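Here is the structure we will look at, set down as structure tokens.
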Amino acid sequence: MPSHTALHRIQVIDSHTAGEPTRLVLSGGPDLGPGPLSERLERFRKHHDMFRSAIVNEPRGSDVLVGALLCEPYDPTCDIGVIFFNNVGYLGMCGHGSIGVMVSLAWMGRIGPGTHRIETPVGIVNATLHPTGKVTIANVPSFRSRSGVSIDVPGFGRVHGDIAWGGNWFYLLENPTMPLTLQHVGELTDFTWAIRQSLKANRITGEDGAEIDHIELFGPPSNGHAHSRNFVLCPGKAYDRSPCGTGTSAKMACLYADGKLAPGEIWRQEGILNTVFEGSIQVRDGVVLPSITGEAYVTAESSLILDAKDPFRMGIVP
Ligand code: PYC
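Take the sequence shown: its letters are residues 6 to 323, numbered as in my numbering.
Put into structure tokens, the structure is as follows:
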């Protein structure tokens, strides 16, 4: 354990996907034992949560950083397993993170172009690394669970939105009164945070009582290259710099449910930095299977040092 040894090293590769960072943990992370990834995630949460904080929180990371722990897969048809986490907890799936993981593994020479199966705690994802370096993620089945859910948001009034799953739970809302621009990030954060609190206070959840921890706003794109622009508030109050892979999956499930997106049709989702994910869906036996294509860049390969003498070796915990 890092607290009992002088120095503990964690080998990582950092990347960003459409502006949103991912830190892939290659070695030195916690030993979560065997079993399905959903069980290993629970062990991570219960027994090794300080590692999560050490890897992504300040002073080594920031509220924006998403961690990706590389694991042996449990499912023998998979090539790798990945558990995603952030400044406050764990993610089911992560679209931008999966693209970052693929590009990081390619950077190391561990994978080449082709399709690679990733096991996540919420299902298997097929990730295709194209010869161009772009990555397409065939995400977990996505669906809208409720439409037109109205809530009172203190300070902002009544809003109406959909609840959908795209690998995480989302509340999706069209055309808020403020523009979806970087200049308005403060207001957008206050608004979406208030929505999240209101959902919680009104006990409005995803299926099985799961907390809706991502709030996604939509508005017109900045130009004709995209169909829509979004702002996504992540669970720990940071906004997604990318157009959000799981959020775009949830959005496409809603569009399909409304008869506004046909299987195979392209949906270009622009994010707050004007970067775009290209999405589409397939529908098999009524199940919506979204795909997201994007690109990532490696920004660092390094070792995190956890020094037993450092009072913040396990991160600054709010
Ligand atoms: O791309 O799915 C995503 C994601 C979730 C949270 C941050 N990014």
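Each residue gets a CB set at the ideal place from its N, CA and C atoms; glycine is no exception. None of the values given here were measured: they were computed from a predicted structure.
Remark: the shortest separation between the CB of Val93 and any heavy atom of ligand 1 does not fall under 7 Å.
In the three-state reduction of the DSSP assignment, Ala169 falls in the strand class. In this structure, DSSP gives Glu216 a state outside helix and strand, which the three-state scheme calls coil. Between ligand 1 and the CB of Asn180, the shortest heavy atom gap is not smaller than 7 Å. Within the stretch 18 to 103, the complete alpha helix (DSSP H) segments at least 4 residues long are 42 to 52, 54 to 61, listed from N- to C-terminus.
For the pair Ile286 and Met257, the CB atoms are nearer than the 8 Å cut-off.
A distance below 7 Å between beta-carbons, with the five flanking residues on each side excluded, links Pro225 to the following residues of its chain, in chain order: Arg234. With respect to the 8 Å criterion, Ser254 and Gly171 are classified as neighbours on the basis of their beta carbons.
For Gly114, the secondary structure class from DSSP, reduced to helix, strand or coil, is coil.
Cα atoms of Gln202 and Pro240: separation of roughly 11 Å, rounded to the nearest angstrom. Nearest Cα to Glu216 within the set Leu222, Ile200, Gly229, Glu25: Ile200. In this structure, ligand 1 has no non-hydrogen atom nearer than 7 Å to the beta-carbon of Gly241. Leaving aside the five residues that flank Phe148 on each side, the residues in its chain whose CB is nearer than 7 Å to its CB run, in chain order, Ala169, Trp170, Ala258, Val293.
Proximity of the beta carbon of Cys249 to ligand 1 is indicated: a heavy atom of the ligand is located closer than 7 Å. Residues Ala199 of the same chain have their beta carbon placed closer than 7 Å to that of Gly160, with the five preceding and five following residues left out of the count. In its chain, beyond the 5 residues on either side, Arg45, Arg48 have a beta carbon closer than 8 Å to the beta carbon of Gly38.
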